[in-house]
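Chains as they are written, first to last, in this note's numbering: chain X, 3 to 618; chain C, 188 to 367. All C-beta atoms in this analysis are idealised placements derived from N, C-alpha and C, irrespective of residue type, glycine included. Everything below concerns the one structure shown next.
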């Protein structure tokens, strides 16, 4: 049996209530590892032949929660969530940190594959070598904290009653969707703890479409055996020494100081729906968050050697009682300057609210800003919204977020995510508003711009197999192989030591895999499958690489303010980089993976499925 | 040796990040592998953000030792740690009930009572916590403040629920009541 793996996966069909165990061969695991890679393989094998007809929010889609061989064993434990994405209609590997994957592995499972749709709200409980589907009617509609509280109490009580004298049972690991997911809002996240979100992909909506409120795991077994325990022990301490350093800015500040610095220094932070990317609001600087609100300056998840998370609590004033994480940079940007908010307290409030409602703060935040720009331009009016939606007005943004979750009026349109809403509003209003939609292939982009030339490269989002996902930006044919590995072996890239991790991987699995082999062969296979799924797309939207392998229109407008005023993404340089990337990764001039490249990698079936696109 | 002159692991939940690397170090030392539920130190996270390192406090009167019906528990003379004779232990759970903090637990593997043994005086959990600079666990060495030590230890054996309430109040203020 493969080392680093618990050895089996759960298959839960919510329609029939059937639960069974399944395994994958060593060959598949060695090639696709786990997490994002294995998700691509599973989705392709099971849905590939009818991909464009599969409704991401229908019962035929799969919801995957997969660990990898390094999960829990390498510092920084995460779980990879996947399925056919209701945002891009492709495959996104969306990872989120927390203890759920550790509990899952300790219960004896490497992952869960959920199909079908439960008749009534349900949650899945996984314990040692066992799983059951349980009623979730009592937590349906509940926000984050309430969901965690009820499930923790319920499951601890249940397990303690089963082993009466064995002592206190600790908290289980929980992944869940919020009210936004239940209502199939396409910008809904899958969450762990509070404020830990797998945001990209819209998989909270996939949970909601399956009537699946949560998956809870509690395992009491050890983590899987590793091939070379002595080496792992040494490497574990090595990585600790490297990252457990209080003088490292990442440990000290996380990314919670970046809401000021990215805007002020790099001119690449979204401001008012990306109309600008520069600000110099020192009042939005890290220390304002840190000194006033961070009650816990080092907050980690299992085996983390970095502690970039922080716990923020508002103790006085109108938002008293609010608590969330730092917020991190992405939340600071998207629920701060991008909504015209430059007050840390208001940003923390909105950040906590979005998490609590089950939104992805990036994707959902992007939609809020899109709506506000339409209001600024007079496209959406007070009559459409029921209230005014001015930049910086937290109360108005809260109203809008809640309207989206209720799918009420214009909220029902905005619940479809920025791009789909833009199409609909263009149709209703008779004017093209897609130019204000800052997305790439249906995925609202991360909070890093390309215009100043100091942050993300021009093709980062445009050519990424995960579309607007900022964690998997593309520079050249090998640059994002690292993230493909981190998402597949499933650990946190913030503690990913690029040299030691390969030694670690070999010591855990016993497989003689080199970085070079990964970058040239294994990683590319995963990218090609993701690319194929993205291009096949459907059923509601299809992407054409000629038009859609591009930045949002806004990224070609000149920056209107700041030290880099007038600069913009160089279209010519972009086209050149894109061409080079296609060539290097093995895609033809239309951006479709070449048959001979796929054949060489043993992906003939992918090549066959892409034939219909070539003929177009 | 006088019990008050022994090492003691000072634990500070307000400094605990919740990384649980103490559990990894503990289980690697005692079990030879990463086994969170067999770790003698267990971090409770009953409320997100509230991390409680929970381990034996070596109460001066050792109620667990006196509660054991088969005399499987004893006190190590050199360290003051509670030692479990796994041959004798019948897994009845009386020691857990007797502990004011319900700290011991039955091992998920062999079902025997499991209690921190201070790694013979040089605890692994403290090393990794110190290495990380969190100082949520600190080693109070023999000879330091001997007068207070006895009473000191006694107040440390609390249930995770009790500790969670206190720490949550500290972190969240009045909001804490809703969370627990």
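query: Beta-bridge pairing of residue 194 of chain X - partner residues as DSSP gives them; result: X/177, X/198
query: Candidates X/416, X/393, X/363, of which the one nearest residue 386 of chain X by Cα; result: X/416
query: Nearest neighbour of residue 105 of chain X, chosen from X/325, X/81, X/324 [CA to CA]; result: X/81
query: Whole-number beta carbon distance between residue 490 of chain X and residue 303 of chain X, since they are thought to touch under 8 Å; result: Actually they do not touch by this definition, with Cβ atoms about 19 Å apart.
query: Other residues of its chain near residue 102 of chain X: CB distance less than 7 Å, five sequence neighbours each side excluded; result: 81, 175, 176, 177, 194, 219
query: Where residue 338 of chain C falls, given that 16 or more other Cβ within 10 Å makes a residue buried; result: exposed
query: Three-state secondary structure assigned by DSSP to residue 439 of chain X; result: coil
query: The stretch 536-544 of chain X / the stretch 271-280 of chain X touching (three or more Cβ pairs under 8 Å); result: no
query: 4 or more residues per run - each alpha helix (DSSP H) lying fully within the stretch 455-494 of chain X; result: 483-487
query: Within-7 Å CB hit, residue 317 of chain X to chain C; result: yes
query: Residue 301 of chain X, enclosing alpha helix (DSSP H) - first and last residue; result: That residue, residue 301 of chain X, is in no alpha helix (DSSP H); its beta strand (DSSP E) goes 296-301.
query: Cβ-based contacts, 7 Å cut-off: residues of the stretch 158-189 of chain X near chain C; result: 167, 168, 169, 170, 172, 173
query: CB contact below 7 Å: residue 224 of chain X versus chain C; result: yes
query: Residues of its chain near residue 312 of chain X, where Cβ-Cβ distance is below 7 Å and the 5 sequence neighbours each way are ignored; result: 256, 258, 296, 298, 299, 301, 327, 328
query: Beta-carbon spacing of residue 39 of chain X, residue 528 of chain X below 7 Å; result: yes
query: Expected contact under 8 Å - CB spacing of residue 264 of chain X and residue 331 of chain X to nearest Å; result: 7 Å
query: Exposed unless 16 or more other CB atoms sit within 10 angstroms - verdict on residue 88 of chain X; result: buried
query: Proximal chain C residues relative to residue 154 of chain X, where beta-carbon distance stays under 8 Å; result: 233
query: heavy atom of the ligand GTP below 6 Å from residue 458 of chain X C-beta; result: With respect to small molecules bound, the structure shown includes none, and the ligand GTP cannot be examined in it.
query: Per-residue burial, residue 334 of chain X [other beta carbons within 10 Å of its own, 16 or more giving buried]; result: buried
query: Exposure label - residue 292 of chain X; buried when at least 16 CB within 10 Å; result: buried
query: Where residue 361 of chain C falls, given that 16 or more other Cβ within 10 Å makes a residue buried; result: exposed
query: Per-residue DSSP class, three states only, for residue 134 of chain X; result: strand
query: Distance between residue 315 of chain X and residue 324 of chain X (C-alpha atoms, nearest Å); result: 6 Å
query: Environment of residue 195 of chain C [buried if 16+ CB atoms lie within 10 Å]; result: buried
query: Which residues DSSP lists as bridging residue 82 of chain X, in chain order; result: X/68, X/97
query: Interface residues of chain X facing residue 358 of chain C [CB-CB closer than 9 Å]; result: 297, 298, 313, 315, 325
query: 7 Å Cβ cutoff, residue 306 of chain X in contact with chain C; result: yes
query: Within chain X, the residues that residue 275 of chain C reaches when beta carbons sit closer than 9 Å; result: Within chain X, no residue comes near residue 275 of chain C; the closest Cβ sits about 16 Å away, beyond 9 Å.
query: Residue environment, residue 336 of chain C, which counts as buried when at least 16 other CB atoms sit within 10 Å; result: buried
query: Beta-ladder partner(s) of residue 346 of chain C, from DSSP; result: None; residue 346 of chain C has no bridge partner.
query: Candidates X/533, X/582, X/361: closest to residue 468 of chain X by CA position; result: X/533
query: Any 3 or more C-beta pairs closer than 8 Å across the stretch 601-611 of chain X and the stretch 46-58 of chain X; result: yes
query: Backbone CA spacing between residue 161 of chain X and residue 138 of chain X [nearest angstrom]; result: 18 Å
query: Bounding residues of the alpha helix (DSSP H) (the contiguous stretch that carries residue 531 of chain X); result: 525-538
query: For residue 229 of chain C, the first and last residue of its enclosing beta strand (DSSP E); result: 229-234
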